[in-house]
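Residue numbers (full-length UniProt numbering): 1 to 101.
Just so you know, even glycine gets a beta-carbon here, dropped at the ideal spot from N, CA and C.
Here the structure comes first, spelled out in structure tokens, and everything after it is commentary.
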Amino acid sequence: MPGDLPHPERSEIQLTDVLFALSDPERLAITRQLADGPLDMAACHATDPNLPKSTKSHFMKVLREAGVIRNEPNGRRRMLTLRRDDLDALFPGLLESVLRS
Numbered sequence: 001m002p003g004d005l006p007h008p009e010r011s012e013i014q015l016t017d018v019l020f021a022l023s024d025p026e027r028l029a030i031t032r033q034l035a036d037g038p039l040d041m042a043a044c045h046a047t048d049p050n051l052p053k054s055t056k057s058h059f060m061k062v063l064r065e066a067g068v069i070r071n072e073p074n075g076r077r078r079m080l081t082l083r084r085d086d087l088d089a090l091f092p093g094l095l096e097s098v099l100r101s
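Pasting the structure below:
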């Protein structure tokens, strides 16, 4: 399907990739926004409003490739969701601990 981006299967998600993705303050801020529910990518913002669009896109790519978020087409836009079920199943308590830190 056009517009689909690759996402790792649950079994392919690695702890080191997740920890790396969440180690950046801006990527962690995005993840915290998604903890409350899905967001349109245009509504999701990093903590620094002066960041270039390309940097924001890179943050989303790192989070998606690590298995932290899903970035899927929604009409002409993109919907971001946190992969909480997958992360909780693989690493119980990790996501909640990181989000509270």
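Local Cβ density within 10 Å of residue i, reported as buried at 16 or more and exposed below that
i          : result
residue 74 : exposed
residue 20 : exposed
residue 85 : exposed
residue 77 : exposed
Strand pairing of residue i, partner residues [DSSP]
i          : result
residue 73 : 78
residue 40 : 79
Euclidean distance between Cα positions of residue i and residue j
i          : j          : result
residue 44 : residue 32 : 10 Å
residue 9  : residue 90 : 12 Å
residue 42 : residue 51 : 14 Å
residue 25 : residue 5  : 24 Å
residue 23 : residue 59 : 11 Å
residue 36 : residue 97 : 15 Å
residue 11 : residue 53 : 31 Å
residue 7  : residue 14 : 13 Å
residue 92 : residue 64 : 19 Å
Cβ neighbours of residue i in the same chain (closer than 8 Å, five flanking residues each side left out)
i          : result
residue 34 : 44, 69, 80, 81 and 82
Residues of its chain near residue i, where Cβ-Cβ distance is below 6 Å and the 5 sequence neighbours each way are ignored
i          : result
residue 17 : 66
residue 72 : 79
Integer Cβ distance of residue i from residue j, believed to fall under 8 Å
i          : j          : result
residue 99 : residue 88 : 12 Å between Cβ atoms; not a contact.
Own chain, CB closer than 7 Å to residue i, minus 5 neighbours either side, in chain order
i           : result
residue 62  : 21 and 27
residue 39  : 33 and 80
residue 101 : none
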